[in-house]
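Residue numbers (our numbering): 34 to 547.
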């Protein structure tokens, strides 16, 4: 059996009809069906006025897809109808478990404008979405961890990518630039983004509402309040486990785990003709940059999906840096992360739904390399076994000193001068023992620090070498593309000149000139 535990988990959710769609009876037919929890069938509409002249089979009129989860939210009266709470109960516990096991987690919502992404992720007061429900359960689990001698700290940040610029939705200083940087070990991160320690659920709701209020939205013909940016919520969970032989004592910190979960509400994929933004230059620019980042995301996913089947996959360069979105999500798409993508689809828009389902079909092929982020604190801070051995040696020396002291006491009256010599020798040996013990501990600490420094330098060297190799390949490919384009431009120019000369020869009339 193939182990697909590290494959990106793919869910597809179909929304109900919108009021404007219900008014148009000719366009309100549902093209999507989900007969089983893992199967989605898309009906291919017959073009108007076209008769193929044959009796097409069912397979020719529909297209079938298989995913990890197919969420039917079209008809509330259906037996398999799934609302936000029911969907979270299917997906949320697994995300929660991964987070508390020390894994990095990512949940992305993708779909065209007005397909239900923000409703799935955020919900509303009556029916909260995945994000509020997940935070609620994280806070509950943190309380349970206290009984197991595990201290938890949860940090919250909220940012958006608007017009290819990162903006902190909870920041107090607009002058600070939020730039994407590269860490040699943990990968890309965004600097100057404010993090808040979540005290309780009401505090989280305050932060969430503040961020939502700051998010960039605008009205289009497809959505009265369309998200014009990619929103990313990051939750960082720090767990510190304490150990003690005495149940009533907290003990010392033995293990630390730092994991995070990114909750991403992508801006809607859209076409200019459908959004009807003609003449609105700012909205057109927004849509162009949104589609650009989603296109780069699609290219990255296409290359990652083909890596396993491509024998020369080691030479494939995935263009993460061509978009801020893909650069930030690099680890979640192919690195240390347990990733899930929710694809929200329309029940009536065939072109957009067909494109989204094909996109989802590629994503499910991608594998990540998730690992638990655990650190054994006892091994890093203090070597208790070594200290115990040193203490045993000290106790043994003390016993020997006591025996020698007793023997010397018997000789004190008879040979006082000899006793004084022994006393000096004992004092000297005692001081030497203390000095050697101190120097031993000091040298061990120095060696440990040097080894850590060497390890950091080696990691940095590996990072620089990988970065150089990546930039070299990208530069080489870019130059090749420029040469090809220059050659094509020259050929086009030459052919144009030839056509112009041919046209002048055809129009040439000697009688007119002479």
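We put the beta carbon where it would ideally sit given N, CA and C, even for glycine. Given the structure is predicted, the values throughout are model-derived calculations rather than measurements.
Where residue 133 is concerned, the enclosing alpha helix (DSSP H) starts and stops at 117-133. Here residue 379 is actually not in contact with residue 53; their C-beta atoms are around 12 Å apart, not less than 8 Å. Counting every other CB atom within 10 Å of its CB across the protein chains shown gives residue 489 a total below 16, marking it as exposed.
Looking from the CA of residue 112, the closest CA among 76, 275, 69 belongs to 69. Annotation for residue 295: the continuous beta strand (DSSP E) segment containing it runs 285-298.
The residue among 297, 362, 51 with its C-alpha nearest the C-alpha of residue 329 is 362. A buried status is given to residue 293, since no fewer than 16 other beta-carbon atoms sit within 10 Å of its beta-carbon.
Leaving aside the five residues that flank residue 356 on each side, the residues in its chain whose CB is nearer than 6 Å to its CB run, in chain order, 326, 329.
Contact check for residue 63 against residue 295 fails: the beta carbons are separated by 7 Å or more. Between residue 539 and residue 533, the alpha-carbon positions lie close to 10 Å from each other. Annotation: the continuous alpha helix (DSSP H) that includes residue 153 extends over 150-154.
Within 10 angstroms of the beta-carbon of residue 472 lie fewer than 16 other beta-carbons, which makes it exposed. One alpha carbon belongs to residue 142, the other to residue 44, and they sit about 9 Å apart. Positions of the beta strand (DSSP E) runs, each at least 3 residues long and wholly inside the segment 204-247, are given as 213-216, 220-223 in order along the chain. Judged by pairs of C-beta atoms under 8 Å, the segment 101-118 touches the segment 144-164, as three or more such pairs exist. Inter-residue distance for residue 226 and residue 209 is about 9 Å (C-alpha atoms, whole angstroms).
The residue among 108, 156, 170 with its C-alpha nearest the C-alpha of residue 128 is 170. Within the DSSP secondary-structure output, residue 186 pairs in a beta bridge with 271. Going by beta carbons, residue 214 and residue 228 fall outside the 7 Å limit. For the options 182, 221, 179, 241, the alpha carbon positioned closest to that of residue 204 is the one of 241. Contact between residue 61 and residue 50 holds: their C-beta atoms lie close to 6 Å from each other, under 8 Å. Rounded to whole angstroms, residue 387 and residue 78 show a C-alpha spacing of 11 Å. In this structure, the alpha-carbon of residue 352 lies about 9 Å from that of residue 507. By alpha-carbon distance to residue 96, the top candidate from 102, 110, 76, 222 is 76.
If you draw a 10 Å sphere on the C-beta of residue 42, you find 16 or more other C-beta atoms in it, and that means buried. Shown here for residue 332: same chain residues with a beta carbon closer than 7 Å to its own, the five before and five after excluded, namely 352 in chain order. The criterion of a C-beta distance shorter than 7 Å is satisfied by residue 337 and residue 367. Fully contained in the segment 328-408 are the following beta strand (DSSP E) runs of length 3 or more, in chain order: 371-378. By the beta-carbon neighbour count (other beta carbons within 10 angstroms, threshold 16), residue 485 is exposed. Closest option to residue 268, judged by alpha-carbon separation, among 110, 168, 300, 106: 168. Around the CB of residue 463, fewer than 16 other CB atoms lie within 10 Å, so the residue is classed as exposed. Under the DSSP assignment, residue 198 falls outside any alpha helix (DSSP H), being part of the beta strand (DSSP E) whose first and last residues are 198-201.
Counting only residues of its own chain and dropping the five nearest sequence neighbours on each side, residue 284 has a CB closer than 6 Å to the CB of 275, 276, 277.
Judged by DSSP secondary structure, residue 42 falls outside any alpha helix (DSSP H) and instead within the beta strand (DSSP E) spanning 42-47. For residue 212, the CB contacts under 8 Å within the same chain, skipping 5 residues up- and downstream, are 199, 223, 224, 225 in chain order.
Within the DSSP bridge table, the entry for residue 139 names 295, 372 as partners.
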